[in-house]
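Residue 1 is where the sequence shown starts when you use the numbering used here, and the numbers rise one by one after that.
Have a look at the structure below, then the notes.
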Amino acid sequence: MSLDSQQLLHTAIDAARIAGAYLLEQAGKLDRSKIVEKKANDFVTEVDRGAERLVIDRIRREHPEHQFLAEESGRSTATGDIVWIIDPLDGTTNYIQKIPFYAVSIAAYNGTELLAGVVFNPKLSEFFSAAKGLGAFLNDAPIRVSTEPDFSRAFLATGFPHQRKRNLPPFLTATNEIFFGSAGIRRLGSAALDLCYTACGRFDGYWELGLNPWDCAAGCLLVSEAGGTVSDFWGDSAYLENGHVIAANPAVHKQLQFHLSNHFTERLT
Numbered sequence: 001m002s003l004d005s006q007q008l009l010h011t012a013i014d015a016a017r018i019a020g021a022y023l024l025e026q027a028g029k030l031d032r033s034k035i036v037e038k039k040a041n042d043f044v045t046e047v048d049r050g051a052e053r054l055v056i057d058r059i060r061r062e063h064p065e066h067q068f069l070a071e072e073s074g075r076s077t078a079t080g081d082i083v084w085i086i087d088p089l090d091g092t093t094n095y096i097q098k099i100p101f102y103a104v105s106i107a108a109y110n111g112t113e114l115l116a117g118v119v120f121n122p123k124l125s126e127f128f129s130a131a132k133g134l135g136a137f138l139n140d141a142p143i144r145v146s147t148e149p150d151f152s153r154a155f156l157a158t159g160f161p162h163q164r165k166r167n168l169p170p171f172l173t174a175t176n177e178i179f180f181g182s183a184g185i186r187r188l189g190s191a192a193l194d195l196c197y198t199a200c201g202r203f204d205g206y207w208e209l210g211l212n213p214w215d216c217a218a219g220c221l222l223v224s225e226a227g228g229t230v231s232d233f234w235g236d237s238a239y240l241e242n243g244h245v246i247a248a249n250p251a252v253h254k255q256l257q258f259h260l261s262n263h264f265t266e267r268l269t
């Protein structure tokens, strides 16, 4: 059966609400002794796993043939045309530390393009959603990227490549240039929400190195549907494959790409 992006979005919204309610319910019950450090500065809790199960179970009830690519359980063995890209708790460290900047992120992908995406911060009651060709929304109100044309007034966000330390020197050099050329940089700890804040104009642009698809898929669709430009550091559309993301309003994107491509002259994998 052929599914349109709106049908997929409806499923994603329902799954995200279920998982978001679970995150709030479990926030006061977190057993810190059961927190696992998967890699340096990369934590997972039983709450991550529980939220992921809820998302997958909800989607599977409606679309049993679809595939899943999820942060904690990896890739499923199904063979359907749609892949659901899921981060059940983006910003796990913030959640552990009781910082209210975390979210459920869910996107539907057909192997060529992103069709639907949602990012839900249950603590702040902010629900971002987008479907291909239908625009981007925050709590059902349309959103657009900023119109700031001047890079010196651009307010930006980024994250740091803990898992790619060999790439840290050029990243920091580029970040230093961007810092002194812009109005400021924030590092908030959730790629999904950084992208959403870019989509609704709170940030003028965002970039990060070495993201996983589940970190950025839904947020990248939101930025695109809100009128922004999304690419990798070299201006190509391979950001889901290589994880090197620039998302911004068109004018700011051009400047971010200039700085980053100057310091990452060789394409990274």
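All C-beta atoms in this analysis are idealised placements derived from N, C-alpha and C, irrespective of residue type, glycine included.
Model, not experiment: these values are computed from the prediction.
Counting C-beta pairs closer than 8 Å gives three or more between the segment 203-210 and the segment 159-177, which meets the contact rule. Just so you know, the alpha carbons of F180 and R75 end up roughly 41 Å apart.
By the beta-carbon neighbour count (other beta carbons within 10 angstroms, threshold 16), G205 is buried. Taking the C-beta atoms as reference points, A183 is found nearer than 7 Å to R153. Annotated three-state conformation of A183 is coil, per DSSP.
L138 and K123 have their alpha carbons spaced roughly 15 Å apart. Boundaries cannot be given for W234, as no beta strand (DSSP E) includes it and DSSP labels it neither H nor E. When the Cα atoms are used, A226 and I178 turn out to be separated by approximately 24 Å.
Across the structure, I246 and P213 are spaced so that their CA atoms are roughly 14 Å apart.
Every unbroken stretch of the beta strand (DSSP E) spanning 3 or more residues and falling wholly within the segment 141-201 is given here in chain order: 155-158, 184-186. Straight-line measurement puts the Cα of I106 at about 9 Å from the Cα of A70.
In this structure, G219 sits near V119, with a CB-CB distance shorter than 7 Å. Distance between V83 and R144, taken at the CA atoms: about 27 Å. Residue pairing of R75 in beta bridges, as defined by DSSP: L69. For Y109, the enclosing beta strand (DSSP E) covers residues 103-109.
Taking G20 as the centre and dropping the five residues before and after it, the same chain places the C-beta of V104, F120, P122 closer than 7 Å to its C-beta, in chain order. Straight-line spacing of the CA atoms in L54 and I18 works out to 7 Å.
Excluding its 5 nearest sequence neighbours in each direction, S224 has C-beta neighbours in its own chain below 6 Å: V230, listed in chain order. By the neighbour-count criterion, in which 16 or more other beta carbons inside 10 Å mark a residue as buried, S237 falls on the exposed side.
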